[in-house]
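Our numbering puts the sequence shown at residues 1 to 130.
Backbone N, C-alpha and C fix where the C-beta goes; we use that ideal spot for every residue, glycine too.
Each remark here refers to the structure printed beneath this line.
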Amino acid sequence: MSFKQSILLITCIFALLISHTTYAQEAELKIKQDSRIDTLIALKSRLEKENRLGNNFTIQLHYGSREIAETILKKYQEVLNTWPASIEYEEPNYKVWVGNFTTRLQVERALLKIKKEFSSAFPVNKLKQS
Numbered sequence: 001m002s003f004k005q006s007i008l009l010i011t012c013i014f015a016l017l018i019s020h021t022t023y024a025q026e027a028e029l030k031i032k033q034d035s036r037i038d039t040l041i042a043l044k045s046r047l048e049k050e051n052r053l054g055n056n057f058t059i060q061l062h063y064g065s066r067e068i069a070e071t072i073l074k075k076y077q078e079v080l081n082t083w084p085a086s087i088e089y090e091e092p093n094y095k096v097w098v099g100n101f102t103t104r105l106q107v108e109r110a111l112l113k114i115k116k117e118f119s120s121a122f123p124v125n126k127l128k129q130s
């Protein structure tokens with residue numbers, strides 16, 4: 001074996017030895033979370049369930065007395081109950097609102113189904129109402 005071949009062989013062996021050595025790092029990750037985050041998540045969840053957060057449109061079935069609002073809400077829940085519904089108070093009247101829609105197209109599609117039972121229903125932009 002020649003001197004050049006010996007050097008090449010030693011270099012290859014050395015390269016193989018180096019490439020097989022792997023170094024791993026160990027670390028401990030600590031996350032500090034503000035205790036109020038859980039409270040905010042619970043609040044957001046509750047507001048979404050109550051039809052009060054994150055959407056722009058709803059459908060109004062009634063505006064007037066509390067007794068009629070309760071009757072209409074009950075009828076909606078018996079007949080359709082497809083979208084969340086609630087009674088909202090705006091002094092001195094009560095409103096029955098149905099749905100939580102982010103686009104005008106969604107509210108118009110729902111309105112077609114709702115108007116079969118509630119002919120006076122109409123869409124409301126919640127941002128303008130607040």
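Please report the residue range of the alpha helix (DSSP H) in which residue i lies.
i, result
"Q33", "Counting along the chain, Q33 falls outside any alpha helix (DSSP H), and DSSP gives it neither H nor E."
"Q106", "104-114"
"Q60", "Here Q60 belongs to no alpha helix (DSSP H); instead the beta strand (DSSP E) covers 57-64."
According to DSSP, which residues form a beta bridge with residue i?
i, result
"T88", "Checking the displayed sequence, the identity of residue 88 turns out to be Glu instead of Thr. Beta-bridge pairing links E88 to K95."
"F122", "Q60"
"F101", "F57"
Using beta-carbon positions only, say whether residue i and residue j come within less than 8 Å of one another.
i, j, result
"K126", "N56", "yes"
"T71", "F101", "no"
"E117", "L73", "no"
In chain order, what residues of the same chain lie with their CB nearer than 7 Å to the CB of residue i, ignoring the 5 residues before and after it?
i, result
"I68", "H62"
"A15", "none"
"K115", "A121"
For residue i, I'd like the list of residues in its chain whose CB is within less than 6 Å of its CB, leaving aside the five on either flank, ordered along the chain.
i, result
"K137", "This structure cannot speak to residue 137, because the chain is shown only from 1 to 130."
"Y76", "A85"
"W83", "V98, G99"
Could you pull out every residue in the same chain whose Cβ sits closer than 8 Å to the Cβ of residue i, ignoring the five residues on either side in sequence?
i, result
"M1", "L9"
"E108", "P123"
*Quick one: any contact between the region 100-107 and the region 24-38, if contact means 3 or more CB pairs under 8 Å?*
No, the region 100-107 does not touch the region 24-38.
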